[in-house]
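**Student:** Provided herewith is a single structure, encoded as C-alpha cells, for subsequent inquiry.
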Amino acid sequence: MWVPGVGLPSRLMLSALTRAARFCILKSGAVRRMDVPAGNRRGLSDYYPHLMPSVGFGKSSSRVYRCRSETKRYITSPRVAETLVRILRGKRKSCQLFLECNPGPGILTRALLESGAKVIALESDKTFIPQLKSLGKKVNGRLEVVYCDFFKLDPRSRGLLTPPIMTSDMLFQYLGIEAQPWSKGAPLKAIGILPPKNERNALWKLLHDLYSCTSVYKYGRVELNLFITEKECRESCLSFGTYTANGQLAKQKHRESLEQNLCFIQLTPHKDLFTGTLTPFNYDVFFHMLRQCFMKRGAKLIDHLHSLSPIDAMHILKQIKKSKDVKVIDMYPEDFQHLFETIECYKDDNYKWLYDDFMEDVII
Numbered sequence: 001m002w003v004p005g006v007g008l009p010s011r012l013m014l015s016a017l018t019r020a021a022r023f024c025i026l027k028s029g030a031v032r033r034m035d036v037p038a039g040n041r042r043g044l045s046d047y048y049p050h051l052m053p054s055v056g057f058g059k060s061s062s063r064v065y066r067c068r069s070e071t072k073r074y075i076t077s078p079r080v081a082e083t084l085v086r087i088l089r090g091k092r093k094s095c096q097l098f099l100e101c102n103p104g105p106g107i108l109t110r111a112l113l114e115s116g117a118k119v120i121a122l123e124s125d126k127t128f129i130p131q132l133k134s135l136g137k138k139v140n141g142r143l144e145v146v147y148c149d150f151f152k153l154d155p156r157s158r159g160l161l162t163p164p165i166m167t168s169d170m171l172f173q174y175l176g177i178e179a180q181p182w183s184k185g186a187p188l189k190a191i192g193i194l195p196p197k198n199e200r201n202a203l204w205k206l207l208h209d210l211y212s213c214t215s216v217y218k219y220g221r222v223e224l225n226l227f228i229t230e231k232e233c234r235e236s237c238l239s240f241g242t243y244t245a246n247g248q249l250a251k252q253k254h255r256e257s258l259e260q261n262l263c264f265i266q267l268t269p270h271k272d273l274f275t276g277t278l279t280p281f282n283y284d285v286f287f288h289m290l291r292q293c294f295m296k297r298g299a300k301l302i303d304h305l306h307s308l309s310p311i312d313a314m315h316i317l318k319q320i321k322k323s324k325d326v327k328v329i330d331m332y333p334e335d336f337q338h339l340f341e342t343i344e345c346y347k348d349d350n351y352k353w354l355y356d357d358f359m360e361d362v363i364i
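Right, here's the structure in full:
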C-alpha cells in the first residue's frame with residue numbers, strides 16, 4: 001500500500017522519518033547546519049533544532065535547468081561539491097560506491113571521483129550523458145553512466161518501460177549489484193536532489209519502499225543523501241520549530257526564500273527498523289493509521305480511533321497514557337508507534353483494525 005503524500009502534515013512525515021532512520025540537515029542557501037544527537041534518532045520529541053555556524057556551503061548551491069517540461073536542480077559550485085564529499089566519505093579512504101541521481105554537469109561527480117570513490121551516474125537528461133561518458137574514460141572504469149531516472153524507479157503501472165524509466169531489478173542486474181542482508185552495512189550510498197514539483201510524493205515513495213523492503217531496499221540498507229527545499233523540509237521534517245543559538249524561536253521566512261534554499265537530509269535505515277510488532281507485512285496498516293489520523297489533524301485522537309479500530313477507544317488511550325482530549329497535532333513520533341503497537345498487540349479481540357477499500361485505493 002502506498003499513501004499519497006499530498007496534504008500530509010509535518011508530524012506525519014517526521015513519524016516515518018525518525019523511526020526509519022537518522023538524519024542531519026545542511027541548509028545550502030542559509031549556510032547552517034543542524035545535527036540530530038545520537039540519543040534522539042528514534043524520536044525527536046525532546047529535540048529542538050538549533051541554528052549553527054556555516055559549514056562552507058555557498059549561497060547558490062544549485063542552478064535551475066529546464067529539461068523538457070520538468071524543472072531540475074544541479075550542484076554547480078565546486079566548493080559545495082567538496083563539502084558534500086567530506087560529509088559523504090567521512091574518514092573512509094577505501095573505494096565506496098555512490099549512486100548519483102541526475103548529476104547534470106558532473107561537478108559533484110568529479111569531486112567524488114577525485115576522492116577515490118566509484119560512481120554510478122543515473123542521468124535522465126540525454127544532454128549531459130556525452131560529457132559524463134567522456135569523464136568516465138579518464139578514471140579507469142570508476143564511473144558508469146546510465147540513462148535512468150532514480151526518482152521514477154519501479155512505477156506502479158509497469159507495462160512496457162523504456163529508459164529513463166525502469167525497474168530497480170533491471171538497473172541493479174545491469175550494474176551487477178547483488179542483494180546484501182539487512183544486517184550488513186549500506187551496499188551503496190545514493191545522492192541526489194528531489195524533483196521540485198514532486199518532492200513530498202517522491203520522499204513518501206522512498207519511505208514506502210523502505211518499510212516494504214522493495215525497490216532499491218531489496219538490495220540492502222541503501223543510504224539516501226537527498227537535497228530538499230527548505231519549505232518542504234520545514235513542513236515535512238521539523239514540526240517542532242527552529243530555534244536560534246541563544247534559544248529563541250526563529251522567525252518564519254518568506255515563502256520565496258523557503259522554496260529557494262535547499263536542505264540536505266541523510267536517511268540511513270536502522271538495522272532494527274522492524275520490531276516484533278512492526279514488520280514488512282503490516283507496514284501498510286501503520287501507514288494507513290497515520291494517514292487517517294492526519295486527514296483531520298486538528299481533531300481529537302479519540303474521534304479517529306473509532307474509525308481505525310473496533311477496540312474500545314478509551315481503553316486504547318489509557319494504554320498509551322493519553323487523555324480523551326488529546327489531539328493528533330499533540331502527538332509525537334514515538335506516540336504513534338506506541339499507538340500502533342498497542343492496537344496490534346491487543347489480545348482480547350480478533351479484529352484489531354477496521355479495514356475498508358480505502359486502504360487499497362492508494363497511489364504509488
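To convert, note that position 137 of the sequence shown is 137 in UniProt numbering; the numbers rise steadily by one, no gaps.
Glycine included, each C-beta is placed from N, C-alpha and C at the ideal position.
1) Please name the residue, chosen from T342, T83, R92 and A117, that lies closest to F98 on a Cα-to-Cα basis.
2) Look at the alpha carbon of A21 and the alpha carbon of T268, and state the distance between them as a whole number of angstroms.
3) Compute the Euclidean distance between the alpha carbons of L354 and R92, then round it to the nearest angstrom.
4) Is F172 buried or exposed, if buried means 16 or more other CB atoms sit within 10 Å of its CB?
5) Where DSSP assigns a beta bridge to I120, which residues make up the other side?
6) Which residues mark the beginning and the end of the beta strand (DSSP E) in which P187 is found?
7) Run through DSSP, which three-state label would Y74 get?
8) Going by alpha carbons, who is nearest to E199 out of P187, T277, T71 and H338?
9) Can you tell me whether DSSP reads N198 as helix, strand or coil?
10) Quickly, what does DSSP pair K300 with across the bridge? List them, please.
11) Let's see if you can read the secondary structure: which residues bound the alpha helix (DSSP H) around Y283?
12) Bridge partners for G276 per DSSP, in chain order?
13) M314 lies in the alpha helix (DSSP H); which residues open and close that run?
14) Can you tell me which of K322, E178, S168 and K271 puts its alpha carbon nearest to the alpha carbon of F151?
15) Is F227 buried or exposed, if buried means 16 or more other CB atoms sit within 10 Å of its CB?
16) What's the call for S94, buried or exposed, on a 16-neighbour Cβ count within 10 Å?
17) What does the Cβ neighbour count give for N350, buried or exposed, with the cut at 16 atoms within 10 Å?
18) Roughly how many angstroms lie between the CA atoms of E320 and P333, to the nearest whole one?
19) Between V328 and R297, which are expected to be in contact by the criterion C-beta below 8 Å, what is the C-beta distance as a whole number of angstroms?
20) If we ignore side chains and look at the alpha-carbon of each, how far apart do I302 and Y346 end up?
21) How would you label P78, buried or exposed, when you count the other beta carbons within 10 angstroms and need 16 or more for buried?
22) In three-state terms, what does DSSP make of Y351?
23) Using the Cα positions of G192 and K137, report the straight-line distance between them to the nearest angstrom.
24) Between the C-alpha atoms of S170 and S212, what's the straight-line distance to the nearest angstrom?
25) Taking the DSSP output, what are the residues bridged to G136?
26) State yes or no: is the C-beta of L122 within less than 9 Å of the C-beta of P103?
27) For W192, which residues does DSSP report across the bridge?
28) Going by alpha carbons, who is nearest to P195 out of W204, K189, L188 and P187?
29) Which class does R221 belong to by DSSP, given the choice of helix, strand or coil?
30) At the level of alpha carbons, what is the spacing between L317 and F281?
31) Looking at the unbroken alpha helix (DSSP H) that takes in F172, where does it start and where does it end?
32) Within the same chain, show all residues whose beta-carbon is closer than 8 Å to that of K271, passing over the 5 residues directly before and after it, in chain order.
33) Whole angstroms is fine: what's the gap from A186's alpha carbon to Y219's?
34) Considering only heavy atoms of the ligand NAP, does any lie closer than 8 Å to the CB of M289?
35) Taking the alpha carbon of I75 as the point to measure from, which residue in R110, Q96, T279 and L160 has its own alpha carbon closest?
36) Could you check the C-alpha separation between L273 and Q337 for me, to the nearest Å?
**Tutor:** With the given structure in hand:
1) Position 98 of the sequence shown, counted from the start, is the residue given in the question as residue 98. Nearest option by C-alpha distance: A117.
2) The sequence position of residue 21 within the sequence shown is 21, counting from 1. The sequence position of residue 268 within the sequence shown is 268, counting from 1. Because the pLDDT at A21 is just 49, under 50, the model does not fix this residue reliably, and the point stays unresolved.
3) Sequence index remark: in the sequence shown, residue 354 carries index 354 (1-based). Sequence index remark: in the sequence shown, residue 92 carries index 92 (1-based). So the alpha carbons of these two residues sit roughly 49 Å apart.
4) Mapped onto the sequence shown, residue 172 falls at position 172. Buried, by the Cβ-count rule.
5) Taking the sequence shown and counting its residues from 1, one reaches residue 120 at position 120. Per DSSP, L99 and E144.
6) Walking along the sequence shown from the start, residue 187 turns up at place 187. Element bounds for P187: n/a, residue is neither H nor E.
7) Reading the sequence shown from its first residue, position 74 is the one you call residue 74. It is a strand residue.
8) As a first step, residue 199 must be located in the sequence shown, where it is residue number 199. Comparing Cα-Cα distances from E199 to each of P187, T277, T71 and H338, the minimum goes to T71.
9) Here residue 198 corresponds to residue number 198 of the sequence shown, with the count starting at 1. Residue state, collapsed to three classes: helix.
10) Within the sequence shown, residue 300 is the residue found at index 300, counting from 1. In DSSP, K300 forms a bridge with K327.
11) As a first step, residue 283 must be located in the sequence shown, where it is residue number 283. Looking at the DSSP string, the run of the alpha helix (DSSP H) that includes Y283 is Y283 to M295.
12) Residue mapping note: residue 276 aligns to position 276 of the sequence shown, counting from 1. Looking at the DSSP assignment, G276 forms no beta bridge with any residue, so it has no partner.
13) As a working note, residue 314 is residue 314 in the sequence shown. Element bounds for M314: A313 to Q319.
14) As a first step, residue 151 is located in the sequence shown; it is residue number 151 there, counting from the start. When only C-alpha atoms are compared, the closest one is S168.
15) As a first step, residue 227 is located in the sequence shown; it is residue number 227 there, counting from the start. Under the 10 Å beta carbon count, F227 is surrounded by 16 or more other beta carbons and is classified as buried.
16) In the sequence shown, the residue the question calls residue 94 occupies position 94. Exposed is the call here.
17) The residue given as residue 350 occupies position 350 in the sequence shown. Counting Cβ neighbours within 10 Å, N350 comes out exposed, since fewer than 16 surround it.
18) Indexing the sequence shown from 1 puts residue 320 at position 320. Indexing the sequence shown from 1 puts residue 333 at position 333. The identity of residue 320 in the sequence shown is Ile, whereas the question assumes Glu. So the two alpha carbons sit approximately 13 Å from each other.
19) Here the question's residue 328 lines up with position 328 in the sequence shown. Here the question's residue 297 lines up with position 297 in the sequence shown. Indeed they touch by this definition, with Cβ atoms about 5 Å apart.
20) As a first step, residue 302 is located in the sequence shown; it is residue number 302 there, counting from the start. As a first step, residue 346 is located in the sequence shown; it is residue number 346 there, counting from the start. Each residue's alpha carbon lies about 17 Å from the other.
21) On the sequence shown, residue 78 is found 78 positions in, with the first residue counted as 1. Exposed, by the Cβ-count rule.
22) As a first step, residue 351 is located in the sequence shown; it is residue number 351 there, counting from the start. Y351 sits in coil when the DSSP states are folded into three classes, being neither helix nor strand.
23) Here residue 192 refers to the residue found at position 192 of the sequence shown. Here residue 137 refers to the residue found at position 137 of the sequence shown. Distance between the alpha carbons of G192 and K137 is about 23 Å.
24) By one-based count along the sequence shown, residue 170 stands at place 170. By one-based count along the sequence shown, residue 212 stands at place 212. It is Met, not Ser, that sits at residue 170 in the sequence shown. Their Cα atoms are separated by approximately 19 Å.
25) Here residue 136 is taken as the residue at index 136 of the sequence shown, counted from 1. Looking at the DSSP assignment, G136 forms no beta bridge with any residue, so it has no partner.
26) Locating residue 122 in the sequence shown gives position 122, counting from the first residue. Locating residue 103 in the sequence shown gives position 103, counting from the first residue. In this structure, P103 lies closer than 9 Å to L122 by Cβ.
27) Here the question's residue 192 lines up with position 192 in the sequence shown. Going by the sequence as given, residue 192 is Gly instead of Trp. In the DSSP output, where bridge partners are listed per residue, G192 has L226.
28) Taking the first residue of the sequence shown as 1, we reach residue 195 at position 195. Checked all of W204, K189, L188 and P187; the closest Cα to P195 is W204.
29) In the sequence shown, residue 221 corresponds to position 221, counting from 1. Of the three classes helix, strand and coil, the one that applies to R221 here is coil, per DSSP.
30) Your numbering for residue 317 matches position 317 in the sequence shown. Your numbering for residue 281 matches position 281 in the sequence shown. Answer to the nearest angstrom: the Cα atoms are 25 Å apart.
31) Here residue 172 corresponds to residue number 172 of the sequence shown, with the count starting at 1. Element bounds for F172: S168 to L175.
32) Residue numbering aside, residue 271 sits at position 271 when the sequence shown is read from its first letter. So the qualifying residues of the chain are W182, S183 and R221.
33) The residue given as residue 186 occupies position 186 in the sequence shown. The residue given as residue 219 occupies position 219 in the sequence shown. Rounded to whole angstroms, A186 to Y219 spans 9 Å at the Cα level.
34) Inclusion of the ligand NAP in the displayed structure is not the case, the ligand content being empty and no account of it being possible.
35) Taking the sequence shown and counting its residues from 1, one reaches residue 75 at position 75. The shortest Cα separation from I75 among R110, Q96, T279 and L160 belongs to R110.
36) Looking up residue 273 in the sequence shown gives position 273. Looking up residue 337 in the sequence shown gives position 337. Spanning the two alpha carbons is a distance of roughly 12 Å.
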